[in-house]
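These notes are about the structure you will find just below.
Protein chains: 2
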Amino acid sequence: MTDMVSLTLDEVQALAVRVLTANGLSEAHAQANATVMRDCQRDECHSHGLYRLIMCVKTLRAGKVVPDAVPEVFDHAPGVVRVDAKSGFSLLALEAGLPMFIEKAKASGTAALAINNCFHFSALWPEVERLAEEGLAALAMNPSHAWVAPAGGNAPLFGTNPLAFAWPRAEGHPFVFDFATSAMARGDIELYRRAGKPLPENTGVDRQGSPTTDAAAVLDGAMLPFGGHKGSALSLMIELLAGPLIGDLTSVESMAFDEGAEATPFHGELLIAFDPARFAGGDAASHLARADALLNAIVGQGARLPGERRHAARERTFASGHVEIPRKLYEDIEALMP
Amino acid sequence: MTDMVSLTLDEVQALAVRVLTANGLSEAHAQANATVMRDCQRDECHSHGLYRLIMCVKTLRAGKVVPDAVPEVFDHAPGVVRVDAKSGFSLLALEAGLPMFIEKAKASGTAALAINNCFHFSALWPEVERLAEEGLAALAMNPSHAWVAPAGGNAPLFGTNPLAFAWPRAEGHPFVFDFATSAMARGDIELYRRAGKPLPENTGVDRQGSPTTDAAAVLDGAMLPFGGHKGSALSLMIELLAGPLIGDLTSVESMAFDEGAEATPFHGELLIAFDPARFAGGDAASHLARADALLNAIVGQGARLPGERRHAARERTFASGHVEIPRKLYEDIEALMP
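Okay, here's the thing in structure tokens:
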């Protein structure tokens, strides 16, 4: 007996929808969340695949998320779309806001989409990839829970604050990156803790603010940003832009709102889009070709382009027609049925 | 005899204007460039103060920059201002574009300013600080010359690609950061070379792509981005947004254009502004107060906020009424008079 379970992408989606709706989530939210879990599973982003069902159901059971929230879209300003997620999950709010956001970006050259009052649990890369498939360059960012100390500091103030970017290539997949501004993802530190392995240097500090490679001590203390004071500055920028700028919570405020429920963070998200065709005014093809030349030169010198691993995984999945998840995870998911 | 020369800020400005105009730069460009050198000298950013006159005059003498270029401003799209610098220096082009840029950002909530065809030699922080003084949050970025290899690569493809950000605080100076996405500024590596000091690890690679701490070997080989693959991704984003998006050169293309003249890089610059008041729709004060609480909490735990050192220097300068520069530098500057 194999210890892996094989599922088609349709089965992944159906399983996620079944578990989510059985736990009280509306069909529309369940489909939106399940689609992203399916896409992450397809690309072997295991941390954001079906595994996320566990966190998602935990959040539902904590009772703070509104399971049937209907997001409301506002034409806030010529360059700004706002979506009030009404304390629901973020993904349905994103879907609701996308058409107006894309329209504004193409009309104005650049536009912003602010999602407010949402419970966030998704990876950002599928969101910006989708915009790149519309021909737009796009950024996405959000705070999370206060787990990360600023460079030179000793106590948590920032979230893991991911930054994602996508660029529409003239040929092939969009170029996409998505990284946490913490030195390591919180989930990965958890894996080090379970495995009893020491962390790399500069991953975090203990509760006293002293550097440590002990994963449990870092989870109890504070993570550190990547790249020293530069990564710390970037993380702070994300707090400000995807927090107070859009009138939503910082990571400290999100954590206070959580009141120890350990639900997925409640805050906002900011997306920014640029239309290369609108910027170029008729000459976009040659500029996109120059961008492709740069991207190809990176691969040409043997360096890896962010996202390459995901695309290779996606091709494997399409070729085999299915994904595999550990039987233990499958059983844990089945156990989420009430 | 002291080996420092003391100058008032007016004298700094006058000296820079005198040297630049004597080398053929128009009065308008000379004033724009001198103002930023004065402000950098005031804040003890020595690398972008009067020291920059040497590079600026070298660029003028290389004959590629148009010394009396009159920038042309285009209302390119509802969210985009373009300024064609007409192969002149960037700062006068920025000044020309600022009023329409600020107007668009306040009207639309967000806007972009693309400066094209400019010779760049300035620090970015004064540019975003100026926007924050207008109440806007702002980002600025540009490629430079191809000196930096991508993470995992072995040959230069990226510029030092600075990123600057400013946030308007409810009280006190705007919060401003400005960092190179290279692990170290090129000028600092030059200082290590002169001093014969070994570089920190991960600063660069030699011409064969092997890691080295030898500054001369890195200057001959390639610098590396800060923060591994994350900093590398950020640097690449800057190449794409401040290059092909705005129809301007990448760092590789800028270096090819230079043809070995060692002039300041020729490329574009992208600024993005967000209006917190427009985003907030009447409730900006409370959101800016929450941002201030976050910024104060960073200082409160003993971490340093980017820009603090500059503000302290600025206060020292205002208190003393003058700045000091090494006599050797002063003499080098006087020697720039034709």
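Those sequence lines, one after another, are chains Y and X. Residue numbering for the first sequence is 1 to 338, as defined by our numbering. Residue numbering for the second sequence is 339 to 676, as defined by our numbering. Don't be surprised by glycine CBs; every beta carbon is placed ideally from N, CA and C.
Distance CB(residue i)-CB(residue j) smaller than 8 angstroms
| i | j | result |
| --- | --- | --- |
| Pro306 (chain Y) | Ala137 (chain Y) | no |
| Ser446 (chain X) | Pro99 (chain Y) | no |
| Gly204 (chain Y) | Ala222 (chain Y) | yes |
| Pro494 (chain X) | Ala518 (chain X) | no |
| His625 (chain X) | Gly247 (chain Y) | yes |
| Ala599 (chain X) | Ala400 (chain X) | yes |
| Pro409 (chain X) | Ala434 (chain X) | yes |
| Gly565 (chain X) | Gly153 (chain Y) | no |
| Leu578 (chain X) | Ala291 (chain Y) | yes |
| Ile325 (chain Y) | Pro488 (chain X) | no |
| Ala233 (chain Y) | Glu44 (chain Y) | no |
| Ser254 (chain Y) | Phe266 (chain Y) | yes |
| Phe617 (chain X) | Leu245 (chain Y) | yes |
| Val19 (chain Y) | Ile333 (chain Y) | yes |
| Thr317 (chain Y) | Arg38 (chain Y) | no |
| Val12 (chain Y) | Val323 (chain Y) | yes |
Supposed close pair residue i, residue j - CB separation, criterion 8 angstroms
| i | j | result |
| --- | --- | --- |
| Ala114 (chain Y) | Arg82 (chain Y) | 5 angstroms |
| Phe119 (chain Y) | Thr212 (chain Y) | That belief does not hold up - the Cβ atoms of Phe119 (chain Y) and Thr212 (chain Y) are roughly 31 angstroms apart, past 8 angstroms. |
| Leu25 (chain Y) | Leu60 (chain Y) | 6 angstroms |
| His386 (chain X) | Ser460 (chain X) | 7 angstroms |
| Leu609 (chain X) | Ala450 (chain X) | 7 angstroms |
| Asn23 (chain Y) | Val57 (chain Y) | 5 angstroms |
| Leu388 (chain X) | Ala352 (chain X) | With a Cβ gap of about 11 angstroms, Leu388 (chain X) and Ala352 (chain X) do not count as contacting. |
| Ala170 (chain Y) | Phe158 (chain Y) | Actually they do not touch by this definition, with Cβ atoms about 36 angstroms apart. |
| Asp544 (chain X) | Ala555 (chain X) | 4 angstroms |
| Thr110 (chain Y) | Ala284 (chain Y) | That pair is no contact at about 15 angstroms. |
| His173 (chain Y) | His311 (chain Y) | 5 angstroms |
| Phe513 (chain X) | Leu432 (chain X) | Not a contact, Cβ separation roughly 21 angstroms. |
Close-in-space but distant-in-sequence residues of the same chain around residue i (CB under 7 angstroms, 5 per side omitted)
| i | result |
| --- | --- |
| Glu669 (chain X) | none |
| Ala69 (chain Y) | Ala85, Lys86, Ser87, Gly88 |
| Gly321 (chain Y) | Thr8 |
| Leu430 (chain X) | Ala366, His367, Ala370, Pro409 |
| Arg327 (chain Y) | Asp3, Met4, Val5 |
| Met393 (chain X) | Phe459, Thr602 |
| Asp178 (chain Y) | Ala123, Leu124, Trp125, Pro162, Ala164 |
| Leu667 (chain X) | Leu388, Tyr389 |
| Ser680 (chain X) | Nothing can be reported for residue 680 (chain X): it is not among the residues displayed for chain X, which extend from 339 to 676. |
| Pro676 (chain X) | Ala360, Asn361 |
Sequence-distant residues of the same chain with beta carbon closer than 8 angstroms to residue i, five excluded per side
| i | result |
| --- | --- |
| Thr359 (chain X) | Glu365, Ala368 |
| Ala185 (chain Y) | Ser47, Thr160 |
| Arg531 (chain X) | Ala553, Ala554, Leu557 |
| Glu539 (chain X) | Pro549, Thr551 |
| Ala303 (chain Y) | none |
| Ile189 (chain Y) | Leu199, Thr203, Gly204, Ala215, Val218, Leu219, Met223 |
Neighbourhood of residue i by C-beta distance below 6 angstroms, restricted to the same chain and skipping five residues each side
| i | result |
| --- | --- |
| Pro536 (chain X) | Thr551 |
| Glu472 (chain X) | Ile440 |
| Ile238 (chain Y) | Met141, Asn161 |
| Phe412 (chain X) | Arg420 |
| Leu477 (chain X) | Phe503, Ile610 |
| Lys64 (chain Y) | Ala263 |
| Gly187 (chain Y) | Ser47 |
Distance cut-off 7 angstroms: residue i Cβ against heavy atoms of the ligand MN
| i | result |
| --- | --- |
| Met522 (chain X) | The ligand MN is absent from the structure shown, which contains no ligands of any kind. |
(message) Please identify, using Cβ separations under 9 angstroms, the residues of the segment 358 to 372 of chain X that lie next to chain Y, in order along the chain.
(response) So the list is empty, because no residue satisfies the distance condition.
(message) Beta carbons nearer than 8 angstroms to chain X: which residues of the segment 257 to 285 of chain Y have them?
(response) Contacts with chain X (Cβ-Cβ distance below 8 angstroms) from the segment 257 to 285 of chain Y involve Ile272, Phe274, Pro276, Arg278, Phe279, Ala280, Gly281, Asp283, listed in chain order.
(message) Below 8 angstroms, how does it come out for the segment 456 to 469 of chain X and the segment 503 to 517 of chain X: are there three or more Cβ pairs, yes or no?
(response) With a cut-off of 8 angstroms, the segment 503 to 517 of chain X and the segment 456 to 469 of chain X count as touching, because enough Cβ pairs lie within range.
(request) Using a Cβ-Cβ cut-off of less than 7 angstroms, give me the residues of the segment 146 to 165 of chain Y that come near chain X, in sequence order. (result) Answer in chain order: Pro150, Ala151, Gly152, Gly153, Asn154, Ala155, Leu157, Phe165.
(request) Can you give me, in chain order, the residues of the segment 202 to 215 of chain Y that have a beta carbon less than 9 angstroms from any beta carbon in chain X? (result) The segment 202 to 215 of chain Y vs chain X, Cβ under 9 angstroms: Gly209.
(request) Please name the residues in the segment 396 to 428 of chain X whose beta-carbon is closer than 8 angstroms to at least one beta-carbon of chain Y, in chain order. (result) Legend: CB atoms of the segment 396 to 428 of chain X lying less than 8 angstroms from CB atoms of chain Y belong to residues His414, Ala415, Pro416, Gly417, Val418.
(message) Short of 7 angstroms Cβ to Cβ, which residues in the segment 621 to 652 of chain X face chain Y?
(response) Within the segment 621 to 652 of chain X, the qualifying residues are Asp621, His625, Leu626, Arg628, Ala629, Leu632, Ala635, Ile636, Gln639, Gly640, Ala641, Arg642, Pro644.
(message) Counting only Cβ-Cβ distances shorter than 7 angstroms, please list the residues of the segment 513 to 533 of chain X near chain Y, keeping chain order.
(response) Answer set for the segment 513 to 533 of chain X: Phe515, Phe517.
(message) Please list, in chain order, the residues of the segment 571 to 584 of chain X that have any C-beta partner in chain Y closer than 9 angstroms.
(response) Taking 9 angstroms as the Cβ-Cβ cut-off against chain Y, the residues of the segment 571 to 584 of chain X that qualify are Ala571, Leu572, Leu574, Met575, Glu577, Leu578, Leu579, Gly581, Pro582, Leu583, Ile584.
(request) Name, going along the chain, the residues of the segment 436 to 451 of chain X whose beta-carbon falls closer than 7 angstroms to a beta-carbon of chain Y. (result) Close to chain Y, meaning a Cβ-Cβ distance shorter than 7 angstroms, are the following residues of the segment 436 to 451 of chain X: Ala445, Ser446, Gly447, Thr448, Ala449, Ala450.
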